[in-house]
Structure formats: structure tokens, C-alpha cells
Amino acid sequence: MTDTERAEKCEQFKKKYFERMALPTNLTSERMISIENLCKLHELVNPQMIPRARSSQLVKVLPDEGQTILGRFRHPEFDRKCITDDMDIIRFYKEDLGEEPPSFVEAGPRKNLYYEPETVRVAILTSGGIAPGLNTVIESIVKRHVEVYGLRLGPLVPGRILGFYDGFIGLWENSYEQLNPEKVNGWCRFGGSKLGVGRDERRDVSKWLDVLKMNDIDILYVIGCNGSLTAAWELAKAAEREELNLSIGVVPKTMDNDVLWVWSS
Numbered sequence: 026m027t028d029t030e031r032a033e034k035c036e037q038f039k040k041k042y043f044e045r046m047a048l049p050t051n052l053t054s055e056r057m058i059s060i061e062n063l064c065k066l067h068e069l070v071n072p073q074m075i076p077r078a079r080s081s082q083l084v085k086v087l088p089d090e091g092q093t094i095l096g097r098f099r100h101p102e103f104d105r106k107c108i109t110d111d112m113d114i115i116r117f118y119k120e121d122l123g124e125e126p127p128s129f130v131e132a133g134p135r136k137n138l139y140y141e142p143e144t145v146r147v148a149i150l151t152s153g154g155i156a157p158g159l160n161t162v163i164e165s166i167v168k169r170h171v172e173v174y175g176l177r178l179g180p181l182v183p184g185r186i187l188g189f190y191d192g193f194i195g196l197w198e199n200s201y202e203q204l205n206p207e208k209v210n211g212w213c214r215f216g217g218s219k220l221g222v223g224r225d226e227r228r229d230v231s232k233w234l235d236v237l238k239m240n241d242i243d244i245l246y247v248i249g250c251n252g253s254l255t256a257a258w259e260l261a262k263a264a265e266r267e268e269l270n271l272s273i274g275v276v277p278k279t280m281d282n283d284v285l286w287v288w289s290s
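To convert, take the position in the sequence shown, counting from 1, and add 25; that gives our numbering.
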């Protein structure tokens with residue numbers, strides 16, 4: 026099938042989809058935007074696009090613990106989850122295009138790690154508005170790095186976990202506190218975010234990147250909604266252009282159902 030034929034099939038599908046839903050074709054809700062992206066989604070989400078671990082180092086756990094504490098590692102080609110439960114879309118991909126429906130690799134451990142887990146430098150921020158579970162995610166990230174992967178924290182070792190205050194505002198101002206399992210223990214019982222939330226209208230990606238480089242951060246976890254995830258994407262692309270050894274991980278949260286491909290929350 027040529028690109029032109031594929032594009033025509035996608036246009037036909039969208040037209041029928043709108044008609045069946047009895048919705049105007051100019052509707053711009055998140056659900057309709059996701060349908061508009063069908064034509065290009067196959068280029069963005071496929072097994073070849075999933076980053077492979079760039080190290081031969083096997084997954085590590087703490088001494089005296091077994092592999093079961095991490096669970097079975099996820100294979101980037103086989104352990105994939107479909108991004109939609111809409112049967113019209115699934116049938117369109119399978120029957121009309123002859124392709125697998127769009128999917129993402131399942132969350133979970135990978136066979137190899139990129140960073141040395143005992144000395145990795147991690148940062149976390151919660152951005153945007155308040156949503157349930159923010160403190161739970163923070164506590165889980167901290168404890169996972171330390172108690173499962175064996176991150177060593179202390180004044181004489183390079184490993185760190187930094188919690189930036191008030192989202193990207195704290196990142197811009199280089200305002201943070203150092204986190205450890207003892208400090209975050211029990212945070213999951215509280216609402217809001219112990220790190221604070223906020224929206225940085227300056228959107229200064231270069232400044233954010235400078236702060237991350239200054240703190241020698243390897244992994245930044247952004248817990249946020251559509252605007253925050255867009256900012257994280259821009260930051261990741263900037264890091265890629267500079268060929269930095271930096272990973273941006275995101276945890277989507279929303280009170281407004283405005284995260285693409287998350288149609289119910």
C-alpha cells in the first residue's frame with residue numbers, strides 16, 4: 026500500500042467515524058484530535074521507535090533479593106499494549122490497513138539498564154494542577170530507586186534524588202530538596218503534592234536544561250498533564266539536540282481528561 030493510498034483510507038475512515046458519531050467534522054475535542062492523528066501515528070508509535078537499552082548490564086536488584094522483586098522484564102516488541110479500546114479503530118487498522126493497531130511498550134523493567142543504578146542522579150517535579158496520587162508517585166519513585174535498584178544516597182556518594190519545588194518553576198530557579206525513603210515515607214497518605222505544583226509561564230527550556238546539567242541529572246521525572254508533558258517533550262528534544270546523557274520520564278495525571286489517548290480517568 027502506498028502512502029497516498031493509506032492517506033486516502035484514513036480520510037475515508039475519519040469521515041465515516043464522524044458520521045456514525047453524529048459529530049461535526051470541525052469538532053476539536055481531545056477524542057477527535059486523536060482521530061485526526063491516525064494518519065501520522067503509525068510513524069510515531071511502532072516497535073522500531075522504542076529506545077533500546079544501550080548497556081550490556083543486566084537488571085540489578087539488591088543483594089539477597091531475587092528477580093521476582095522486579096518482575097519479568099518487558100520486551101519492546103512483544104509486551105505492547107494497544108492505545109485504544111475503540112473497536113472501530115482497531116478494525117480499521119487490522120482490516121483496512123493490514124497493520125497492527127498503534128501501541129506502546131508495556132511499563133515495567135527492561136532486560137538491560139542504561140544508567141548505573143547505584144550512582145544515578147534523579148530529579149522529580151510535579152507540574153500543573155492538583156490531581157490525586159501525586160505524593161504516591163513521588164514516594165514510589167524514590168523507594169523504587171533505593172529499595173529495588175540499590176541507589177546509594179549520602180554525602181560521600183554521587184547518587185542523588187532531587188525534588189524540585191513547584192514544578193518547572195523550581196527547575197528554573199534551581200530550588201529543590203534532596204529526597205530519600207525516610208523523608209518521603211508516608212507521603213502517600215496526603216493529598217496535594219509535598220513538592221508543590223505550579224505553571225512556569227516563562228517556558229525557558231534552555232534555562233531548565235542548564236539547571237539539569239548543573240546538577241548532573243541523569244533522569245528527570247515529570248508528573249503532569251498535557252501542558253507539562255508538552256514541556257517535557259520540548260525539554261527531551263533539546264537534550265537530544267545537545268546529545269546529552271539525559272532521560273525524561275513522564276507520569277501523566279489529569280483531572281480533565283486532556284491527555285491524548287487517555288480517554289477516561
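Using N, Cα and C, we set each Cβ at its ideal position, and we do this for glycine too.
None of these values were measured; they are calculated from a predicted model.
Legend entry - Minimum C-alpha distance to Asp243 - residue among Val130, Glu143, Val209 and Arg31: Glu143
Inset, instruction - Could you check which residue in Lys34, Trp233 and Ala256 has the C-alpha nearest to that of Glu124? - result: Lys34
Legend entry - Ile149, enclosing alpha helix (DSSP H) - first and last residue: Ile149 -> not in any alpha helix (DSSP H); beta strand (DSSP E) instead, spanning Arg146 to Thr151.
Inset, instruction - Taking Leu187 as part of the beta strand (DSSP E), name the residues at either end of that continuous run. - result: Arg185 to Phe189
Inset, instruction - Could you spell out where the beta strand (DSSP E) holding Arg105 opens and where it closes? - result: Arg105 to Cys107
Legend entry - Which listed residue (Gly216, Ser218, Glu172 and Val145) has its alpha carbon closest to that of Pro183: Val145
Legend entry - Where the alpha helix (DSSP H) containing Glu141 begins and where it ends: Counting along the chain, Glu141 falls outside any alpha helix (DSSP H), and DSSP gives it neither H nor E.
Inset, instruction - With a 10 Å radius around its C-beta and 16 neighbouring C-beta atoms as the bar for buried, classify Pro157 as buried or exposed. - result: exposed
Inset, instruction - Using three-state DSSP, classify Leu245 as helix, strand or coil. - result: strand
Inset, instruction - On a CA-only basis, which of Lys39, Ala32, Gly192 and Leu181 is nearest Ile155? Give me that one, please. - result: Gly192
Inset, instruction - Would you mind stating whether Arg169 and Val130 have Cβ atoms separated by less than 8 Å? - result: no
Inset, instruction - Enumerate in chain order the residues of its own chain whose CB-to-CB distance from Tyr174 is below 6 Å, with the five nearest sequence positions on each side excluded. - result: Pro142
Inset, instruction - Provide the residue span of the alpha helix (DSSP H) that contains Val162, from first to last. - result: Leu159 to Lys168
Legend entry - Helix, strand or coil at Phe98 [DSSP, three-state]: coil
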